[in-house]
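Chains as they are written, first to last, in the working numbering: chain A, 1 to 108; chain B, 109 to 221.
Take a look at the structure:
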């Protein structure tokens with residue numbers, strides 16, 4: 001089987017930087033994806049890491065270490081609109097297996 | 109493209125009734141997924157299709173659940189008879205084999221009373 005662990009809740013201040021960690025156990029690993037979901041909304045794709053290292057997309061960056069079965073999502077210059085749930089998901093061919101999600105609250 | 113389209117957005121039904129959820133994937137996407145989301149269990153895969161063919165339905169909780177994809181532009185998920193524990197948000201998503209990232213529909217919030 002497969003499992004993913006990520007913190008259930010994180011609170012951070014507007015303008016700050018926050019890191020959301022994800023550890024996974026799985027066989028046949030292809031890569032790690034991150035999705036954002038606002039309350040009442042649908043999950044939306046943020047990033048994908050197939051290789052070790054950091055991928056940057058604007059204020060968001062995602063990191064993967066395959067040897068450690070670990071990844072993180074880094075959000076910089078936090079804005080109130082970043083308050084949402086963030087899910088890591090393991091790509092192992094098909095289909096995606098999602099973690100339980102981390103609820104990020106951005107406070108003023 | 110209008111994205112993945114699901115209907116209805118909300119459904120309230122009585123226990124024992126049949127429920128049908130509908131999904132139109134993005135044109136050209138060859139994979140379609142049905143997920144269910146609850147607070148307790150998170151996002152769970154129910155079933156997925158590749159080129160309209162069901163590949164894995166091991167996530168379908170019981171025989172009360174069934175899903176079909178009669179053509180590349182439509183899929184439905186049926187629950188018959190429905191039970192209160194089926195209350196959840198049901199998402200449909202589609203993707204292209206050689207492109208990472210799933211596109212999710214807006215979901216159907218099902219409440220069974």
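By construction, the Cβ of each residue, glycine as well, lies at the ideal position given by its N, Cα and C atoms.
As the structure is a prediction and not an experimental result, all values here were calculated from the model.
message: Rounded to the nearest angstrom, what separates residue 57 (chain A) and residue 47 (chain A) at their Cα positions?
response: So the two alpha carbons sit approximately 8 angstroms from each other.
message: Check for me: the beta strand (DSSP E) holding residue 177 (chain B) runs from which residue to which?
response: Here the beta strand (DSSP E) through residue 177 (chain B) covers 173-179.
message: Only counting the same chain, and skipping five residues up and downstream in sequence, which positions put a Cβ closer than 6 angstroms to that of residue 159 (chain B)?
response: Contacts found: 138.
field: Selected residue, minimal CA-CA separation from residue 25 (chain A), among A:91, A:84 and A:49
entry: Closest option to residue 25 (chain A), Cα to Cα, is A:91.
query: Under the DSSP definition of a beta bridge, which residues are partnered with residue 37 (chain A)?
result: Per DSSP, A:85.
query: Who are the Cβ neighbours of residue 83 (chain A) in its own chain at under 7 angstroms, not counting the five residues just before and after it?
result: Around residue 83 (chain A): 104, 105 and 106.
Contact belief for residue 78 (chain A) with residue 31 (chain A) at Cβ below 8 angstroms, rounded distance in angstroms: Actually they are not in contact, since the Cβ atoms of residue 78 (chain A) and residue 31 (chain A) sit about 26 angstroms apart, beyond 8 angstroms.
task: Grab me the residues of residue 129 (chain B)'s own chain with a C-beta within less than 6 angstroms of its C-beta, minus the 5 sequence neighbours each way, in chain order.
output: For residue 129 (chain B), where only same-chain residues beyond five positions count, the Cβ hits under 6 angstroms are 185, 198 and 216.
query: With a cut-off of 8 angstroms, do at least 3 Cβ pairs link the stretch 167-182 of chain B to the stretch 142-159 of chain B?
result: Yes: the two stretches touch, three or more of their Cβ pairs being nearer than 8 angstroms.
query: From residue 196 (chain B) to residue 190 (chain B), what does the alpha carbon distance come to, in whole angstroms?
result: Residue 196 (chain B) and residue 190 (chain B) have their C-alpha atoms roughly 12 angstroms apart.
task: Quick one: residues in its chain with C-beta nearer than 6 angstroms to the C-beta of residue 61 (chain A), no 5 flanking neighbours on either side, listed in chain order?
output: Within the same chain, residue 61 (chain A) has close Cβ partners 54 and 74.
field: Continuous alpha helix (DSSP H) assignments of at least 4 residues falling wholly in the stretch 134-198 of chain B
entry: Within the stretch 134-198 of chain B, complete alpha helix (DSSP H) segments of at least 4 residues are not found at all.
query: Got a sec, what are the start and stop residues for the beta strand (DSSP E) residue 9 (chain A) sits in?
result: Element bounds for residue 9 (chain A): 9-13.
message: Quick check on the DSSP output: the beta strand (DSSP E) that includes residue 24 (chain A) runs from which residue to which?
response: Per DSSP, the unbroken beta strand (DSSP E) holding residue 24 (chain A) starts and ends at 18-25.
field: Within 8 angstroms, strictly: CB atoms of residue 153 (chain B) and residue 95 (chain A)
entry: Yes. Within cutoff.
task: State the CB to CB distance for the pair residue 86 (chain A) and residue 36 (chain A), rounded to an integer number of angstroms; the pair is presumed to be in contact (CB under 8 angstroms).
output: Confirmed, about 6 angstroms.
field: Proximal chain B residues relative to residue 42 (chain A), where beta-carbon distance stays under 7 angstroms
entry: Neighbours of residue 42 (chain A) on chain B, chain order: 199, 212, 213, 214 and 215.
task: Give the straight-line distance between the Cα atoms of residue 124 (chain B) and residue 220 (chain B), rounded to the nearest whole angstrom.
output: Their backbone Cα atoms lie some 9 angstroms apart in a straight line.
query: What's the call for residue 110 (chain B), buried or exposed, on a 16-neighbour Cβ count within 10 Å?
result: With fewer than 16 other beta carbons inside 10 angstroms of its own, residue 110 (chain B) counts as exposed.
query: Below 8 angstroms between beta carbons: does that hold for residue 213 (chain B) and residue 42 (chain A)?
result: In contact: residue 213 (chain B) and residue 42 (chain A) (Cβ atoms closer than 8 angstroms).
- prompt: Hey, quick one: how far does the beta strand (DSSP E) through residue 120 (chain B) stretch, first residue to last?
  reply: Per DSSP, residue 120 (chain B) belongs to the beta strand (DSSP E) from 118-121.
- prompt: Taking a cut of 9 angstroms between CB atoms, which residues from the stretch 80-96 of chain A lie near chain B?
  reply: Here the close residues are 87, 89, 91, 94, 95 and 96.
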